[in-house]
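Just so you know, we're using the working numbering here: the sequence shown kicks off at 364 and counts up by one. We put the CB at the ideal spot given by N, CA and C, even for glycine.
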Amino acid sequence: MRESDVIIVGAGAAGLSLAHHLTIPDPVLTGTDALGGREAPRVTLVEAPEGPLRSPERTWCFWEDGRGEFEDAVVRSWERLRVRGPDGTVWESRPHPWRYKMIRSKGFEALVDARLAASPLVNRVTATVDVVRNVDDGVHVLATAPDGRRLNLGARWAYDSRPLRRLPPARTTLLQHFRGWFVRTGARHRPFDVDVACLMDFRTPQPAHGLSFGYLLPLGPDRALVEYTEFSAAPLSTKAYEAALHHYTGSVLGLGPLDVYATEQGVIPMTDARFPRKIGDRVFRIGTAGGATRPATGYTFAAVQRQSRGIAAAYRSGAVPEPPPPHSVRSRAMDAVMLRALDSGRVDGADFFAGLFGRVPMERLLRFLDGRTSVREDLTIGFRTPVLPMLRSVADLAFRGLREAPR
364 MRESDVIIVG
374 AGAAGLSLAH
384 HLTIPDPVLT
394 GTDALGGREA
404 PRVTLVEAPE
414 GPLRSPERTW
424 CFWEDGRGEF
434 EDAVVRSWER
444 LRVRGPDGTV
454 WESRPHPWRY
464 KMIRSKGFEA
474 LVDARLAASP
484 LVNRVTATVD
494 VVRNVDDGVH
504 VLATAPDGRR
514 LNLGARWAYD
524 SRPLRRLPPA
534 RTTLLQHFRG
544 WFVRTGARHR
554 PFDVDVACLM
564 DFRTPQPAHG
574 LSFGYLLPLG
584 PDRALVEYTE
594 FSAAPLSTKA
604 YEAALHHYTG
614 SVLGLGPLDV
624 YATEQGVIPM
634 TDARFPRKIG
644 DRVFRIGTAG
654 GATRPATGYT
664 FAAVQRQSRG
674 IAAAYRSGAV
684 PEPPPPHSVR
694 SRAMDAVMLR
704 ALDSGRVDGA
714 DFFAGLFGRV
724 PMERLLRFLD
734 GRTSVREDLT
744 IGFRTPVLPM
754 LRSVADLAFR
764 GLREAPR
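Put into structure tokens, the structure is as follows:
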């Protein structure tokens, strides 16, 4: 028996976003056709019980033109962006019409939860999913409720947003890993320019392999999120992150005594691996598991929204609602070259990124990172990088086989 048309496994950014786009009417349309040419789907959203399967609170950032559909969850936004080179050189720009926006996961979840609660189409289930499998003309999900009951759920389609246990084989795999402090400096010391977000500050000591940078998002004149980030093969210990943050906030930024009132820490894969989105006739992967994370940057939230809109549009049109590629073939190819150049040491990571921001208008660079540039613009950006090392990396990729990702 089918209780739903769609089952979504996981209620993080990808799962909630897909449920939202499938069931919340398009504001451009009205009446019975508000969700397109067919009846809106009945959705069962399965979220993990409280415990280790639920992610801690996270910060998601993205850039957007104008007011977005999740604007009520935006904690802060900035119209000016800054990058600092290893020697302290500053590049700052207003990349009109883009604004850089910050959302906290709990705020996003509260906003979308409230919208979904008002929809009769959405059924929420708290359970640990054990099996997702294809059956004749549909899918079957076996799960375990917190009280131990076995649940059997049926639907026409299933979307699984759970993290992969292991990354797929790739030619290059790096990790973007970080730890952040939410800090207060005190009312008498107000060092932060609330209008400017610093995306990369390369005045941090650079590791022997990969690169590191500081990241600073002002939340008020005396409050900010300050992160230390590395692109490298393996994460650091918490003690090492703490030492790096003490050095960055004290010796580099000169902030003085700080009240660290919250922290966050994470690891994001940067890989040219292929992430299969279709894992059965009617079972699909979405979110990071479905390749939504941009290999060159680690940004994911905007691609999750594109992927969710694509699924919803396909469903409404009567087509197979398969997740579309979150990034173009051209974007992934250019990212693969950059990752190989960084991993091989052919380019200095800090100089590479600082030079890119110094030579390419920031508005164009943001469109490139969002996959919205033309072939001509992509070539122009490519020629602003160290050409010979990048060409050697292209040749390297042609002969480099797939390798298992580190455990």
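Inset, instruction - Give the secondary structure of PHE545 by DSSP, where H, G and I count as helix, E and B as strand, and everything else as coil. - result: DSSP, read as helix, strand or coil, puts PHE545 in strand.
Legend entry - Residue closest to ILE649, alpha-carbon to alpha-carbon, out of GLY661, GLY673, MET633: Measuring from the Cα of ILE649, the nearest candidate turns out to be GLY673.
Inset, instruction - With a 10 Å radius around its C-beta and 16 neighbouring C-beta atoms as the bar for buried, classify THR395 as buried or exposed. - result: Any answer about THR395 is weak, because its pLDDT of 42 lies below 50 and its placement is not dependable; what the coordinates show is given next. Here THR395 is exposed. Its C-beta has fewer than 16 other C-beta atoms within 10 Å.
Legend entry - Nearest-angstrom Cα separation, counted from ILE387 out to THR393: Annotation note: pLDDT 39 at THR393 (below 50); position unreliable, no value reported.
Legend entry - Separation of ASN486 from ILE642, as counted between CA atoms: Rounded to whole angstroms, ILE642 to ASN486 spans 24 Å at the Cα level.
Inset, instruction - Grab me the residues of PRO687's own chain with a C-beta within less than 6 Å of its C-beta, minus the 5 sequence neighbours each way, in chain order. - result: Contacts found: GLY673.
Legend entry - HIS610, enclosing alpha helix (DSSP H) - first and last residue: Per DSSP, HIS610 belongs to the alpha helix (DSSP H) from 601 to 610.
Inset, instruction - Determine the contact status of ALA665 and ASP733, defining contact as a CB-CB distance below 8 Å. - result: Their beta carbons are under 8 Å apart, which means ALA665 touches ASP733 by this criterion.
Legend entry - beta strand (DSSP E) segment containing ARG586, residue limits: Start and end: 586 to 595.
Legend entry - Bounding residues of the beta strand (DSSP E) (the contiguous stretch that carries ASP428): Going by DSSP, ASP428 is part of the beta strand (DSSP E) stretching over 422 to 428.
Inset, instruction - For the alpha helix (DSSP H) containing GLY745, list its first residue and its last residue. - result: In this chain, the alpha helix (DSSP H) harbouring GLY745 covers 738 to 745.
Legend entry - For SER707, the nearest candidate out of SER482, GLY573, GLU402, VAL683 (CA to CA): For the set SER482, GLY573, GLU402, VAL683, the Cα lying nearest the Cα of SER707 is the one of GLY573.
Inset, instruction - Measure the alpha-carbon distance for GLU726 versus VAL494 and round it to whole angstroms. - result: GLU726 and VAL494: Cα-Cα distance of roughly 44 Å.
Legend entry - Close-in-space but distant-in-sequence residues of the same chain around ALA761 (CB under 8 Å, 5 per side omitted): Excluding sequence neighbours, ALA761 sits near nothing in its chain.
Inset, instruction - Could you tell me the boundaries of the beta strand (DSSP E) in which HIS503 lies? - result: For HIS503, the enclosing beta strand (DSSP E) stretches over residues 501 to 507.
Legend entry - First and last residue of the uninterrupted beta strand (DSSP E) at TYR578: For TYR578, the enclosing beta strand (DSSP E) begins and ends at 574 to 583.
Inset, instruction - Count the other CB atoms, across all protein chains shown, that sit within 10 Å of the CB of GLY511; report buried if there are 16 or more and exposed otherwise. - result: When all chains shown are included, GLY511 counts as exposed.
Legend entry - Three-state secondary structure assigned by DSSP to TYR662: Coil at TYR662, not helix or strand.
Inset, instruction - Use the C-beta contact count for PHE576: other C-beta atoms within 10 angstroms, 16 or more gives buried, fewer gives exposed. - result: Result: buried.
Inset, instruction - Following the continuous beta strand (DSSP E) through PRO632, name the residue where it begins and the one where it ends. - result: Secondary structure note for PRO632: its beta strand (DSSP E) is the uninterrupted segment 622 to 634.
Inset, instruction - Put ARG487 into one of helix, strand or coil per three-state DSSP. - result: In the three-state scheme derived from DSSP, where H, G and I count as helix and E and B as strand, ARG487 is classed as strand.
Inset, instruction - Give the straight-line distance between the Cα atoms of GLY373 and SER524, rounded to the nearest whole angstrom. - result: Approximately 6 Å, taken between the alpha carbons.
Inset, instruction - Can you tell me which of the three DSSP states THR326 falls into? - result: Beyond the ends of the chain as shown, which are 364 and 770, falls residue 326; an answer cannot be given.
Inset, instruction - Could you tell me whether the segment 465 to 484 touches the segment 432 to 443, where touching means 3 or more Cβ pairs closer than 8 Å? - result: Here the segment 465 to 484 lies against the segment 432 to 443, with 3 or more beta-carbon pairs under 8 Å apart.
Legend entry - Span of the beta strand (DSSP E) around VAL409: Note, VAL409: beta strand (DSSP E), 406 to 410.
Legend entry - Per-residue burial, ARG551 [other beta carbons within 10 Å of its own, 16 or more giving buried]: ARG551 counts as exposed, since fewer than 16 other beta carbons sit within 10 angstroms of its beta carbon.
Inset, instruction - Enumerate in chain order the residues of its own chain whose CB-to-CB distance from VAL667 is below 8 Å, with the five nearest sequence positions on each side excluded. - result: Around VAL667: ALA376, ALA377, SER380, ILE649, GLY650, ALA655, PRO689.
Legend entry - LEU765 burial status per 10 Å Cβ neighbour count (16 or more: buried): That one is exposed.
Legend entry - Anticipated Cβ contact below 8 Å, LEU408 with ALA382, distance rounded: That pair is a contact at about 5 Å.
Inset, instruction - For ARG513, count neighbouring Cβ atoms within 10 angstroms of its own Cβ and tell me buried if that reaches 16, exposed if not. - result: Residue burial is scored here from C-beta neighbours: ARG513 has fewer than 16 other C-beta atoms within 10 angstroms and is therefore classed as exposed.
Inset, instruction - For ARG747, I'd like the list of residues in its chain whose CB is within less than 6 Å of its CB, leaving aside the five on either flank, ordered along the chain. - result: If we look at ARG747 and ignore the five residues flanking it on each side, its Cβ neighbours are ARG722, VAL723.
Legend entry - Buried or exposed by the 16-neighbour rule on C-beta atoms within 10 Å, applied to SER691: The residue is exposed, with fewer than 16 neighbouring Cβ atoms inside 10 Å.
Legend entry - Residue from MET633, VAL406, GLY613, GLY629 with nearest C-alpha to PRO419: Ranking MET633, VAL406, GLY613, GLY629 by Cα distance to PRO419 puts GLY629 first.
Legend entry - Per DSSP, the bridge partner or partners of LEU514: Bridge partners of LEU514: ALA506.
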